[in-house]
Structure formats: structure tokens, C-alpha cells
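To keep things clear, I will list the structure first and then write my remarks on it.
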Amino acid sequence: MKNTSSSITCVIIDPDKLLQEVLISYIDQIPYLKLVAVFNSPLVADQFLENNNAELLFVSTDFDQINGIEWVRSLENSTQVVFLSNTKEKAVDTYELDALDYLLKPTSFERFYKTAIKARVKIKANQIQESITVEKCIFVRSENRINKIHISDIQFIESQNNYINIVTEERQYITLMKLKDIHLRLPSEMFIRIQKSFIININYVKAIEGNSVVINDNLFTISRNLKKEVINSFTQGQLI
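UniProt numbering puts the first residue of the sequence shown at 1, with every later residue one more than the last.
See below:
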């Protein structure tokens, strides 16, 4: 069963019914993709996209009434787009649109899966950047001072009874706060819990060794029930 709360919402816009069925089958096999709508034409999809969130569009370049590339150019949001085409020739026209990918019809599942991984990495990176933009710093009382800490500098946070120890590249900050409260202030895509009393910044993890994460050549134990989530966050779906 898919975890829809963290899935990437997808829309297929292509007049080819057979290709629609193939793509639906592919999406169904990838746990982090969620299909929300299928349309034969961009003109029909317009109203749906105005009122619903779609993070990933699969759009044909081959329509009778409208140019799919020009339609994407008219979109005002930053939705990721994968173009579907019968020929290679139109690929050059998509470069300036910064399309996520360009798939030739018919496409294999292996090729589609590579596109799905690319989408996951790009969308997660955008989410992290948005989170950092919203709140780049936190302010913490420690040692009779109010300290400004850049979120991206935090390597890990450890709970010590009623206190937490915030560790950055330069120093540590011990403050009176619950771990769950500081966790709510941090970007969930960047900071994950590895055990009851420990939160890490996934960007500082060099490796996962057995049941531990490696940060600055130090090993920190991962709880058994959290290991799968930690591995998924670390590899971003690209584990070979």
C-alpha cells in the first residue's frame, strides 16, 4: 500500500489511450508516485490544475488542437514537467523550459523509473529550499545569551532530560526545550529522528554503517523501527 501523505501527485495529459494505460501501470508500481488525474488534452486539464495541486505533469507534445510545449510555457506555476513525444526532434524546444525529462514513446518501465527518481530528488530539493527560505535561522537561549543559529549549520540535536543539545560545526548550544518542540521548527525533509532522543540533519550523514549513521566520523545508533525511513531519506530513492 502506498503512503499517500508523502507521495508526489501526478497528472497525465496525452491523447494516446494505450500510452495512458501504460503510464498508469508504471505509476502504480512506484510507491512515492500518486496519480490524481488523466486527461486527453491540456484544454480539459486547465480547470483541474487551477483548483488542484499537481507536482508532476506528464505532457504529450503531440496534440491536434494545441501545442503541448507552448501550453506548458503558458503555465504560471513551477510544476515539474515530463514531456512525452513520438520523435526526438522536439526535445530541443523543451530545453529552455527546464523540463524535468523528455521521454520517447513508447517508454520502458526502466526508463520511466529513472525519471521518477529524478522527479523525487528535484521535488524534495525544492521543498527543502522552500523550508529554509521560510525560516533560515532559529533563536535559542543558552548560557545567558540569545543565540542565532542557522538551520543549515545544525548537524544533530540530542535530548538530555528536559534539555536539548544543539550541535553545529562550530559549537554546541544547550537549552531548556523538548526535542519534539524543536523538531516542529525544523524542515522535515532535512531533519529526521533516528531514535527517541536524537534528531539528525540528513545532509551531514556520510554513510549508514550497520545500524548507525556516520556524521563527522562519529557513529550514532538508529532505532530498529526507524531504520527504513532513515535509509530512504539518506538515499532519496536512489539505492542501487
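Even for Gly, the Cβ is constructed at its ideal location relative to N, Cα and C.
Comparing alpha-carbon positions, which option in the options lies nearest residue i?
i: Y113; options: E55, Q29, T94, N53; result: Q29
i: I182; options: K124, N165, E21; result: N165
i: T107; options: E229, D217, L18; result: L18
i: K105; options: L219, Q20, R224, N216; result: Q20
i: E229; options: F220, I194, Y204; result: I194
i: K206; options: V38, I231, S223, L184; result: I231
i: D14; options: Y26, V38, Y204; result: V38
i: A45; options: N203, Y163, S60; result: S60
i: K122; options: Q80, D16, L23, N216; result: Q80
i: residue 261; options: D64, I154, R224; result: Lying outside 1 to 240, the shown extent of the chain, residue 261 is not represented and no answer is given.
i: F48; options: E209, I66, V11; result: V11
i: K227; options: E209, I138, I27; result: E209
i: Q172; options: S188, E189, V140, N161; result: V140
i: D93; options: I146, R73, R111; result: R73
i: D62; options: T235, D16, E189, Q160; result: D16
i: I117; options: T221, N225, L56; result: L56
Please report the straight-line C-alpha distance between residue i and residue j, rounded to a whole angstrom.
i: A119; j: S233; result: 15 Å
i: I174; j: V214; result: 22 Å
i: S7; j: N144; result: 44 Å
i: F83; j: L100; result: 8 Å
i: N40; j: Y163; result: 57 Å
i: L184; j: M177; result: 12 Å
i: P42; j: Y32; result: 24 Å
i: E169; j: Q127; result: 24 Å
i: F191; j: N86; result: 42 Å
i: L35; j: E89; result: 28 Å
i: S142; j: W71; result: 54 Å
i: S25; j: D64; result: 25 Å
i: Y95; j: V22; result: 25 Å
i: I199; j: K136; result: 18 Å
i: I66; j: A125; result: 32 Å
i: H150; j: G68; result: 42 Å
i: I146; j: N218; result: 29 Å
i: F58; j: I138; result: 39 Å
i: residue 261; j: Q236; result: What is shown of the chain runs 1 to 240, which leaves residue 261 out entirely.
Rounded to whole angstroms, how far is the Cβ of residue i from the Cβ of residue j, which I believe are closer than 8 Å?
i: N211; j: F156; result: Actually they do not touch by this definition, with Cβ atoms about 16 Å apart.
i: T115; j: L103; result: 6 Å
i: K196; j: S223; result: 7 Å
i: T9; j: N53; result: 6 Å
So, with DSSP's three-state summary, where would you put residue i?
i: L19; result: helix
i: K148; result: strand
i: V167; result: strand
i: E229; result: helix
i: E189; result: coil
i: V214; result: strand
i: N161; result: coil
i: V121; result: helix
i: Q127; result: helix
i: residue 253; result: Summary: the structure shown does not reach residue 253, with the chain confined to residues 1 through 240, and so no result is reported for it.
i: I182; result: helix
i: T9; result: strand
i: I174; result: strand
i: I222; result: coil
Item to check | beta strand (DSSP E) runs contained entirely in the region 23-102, provided each spans 3 or more residues | outcome: 33-39, 56-60, 80-85
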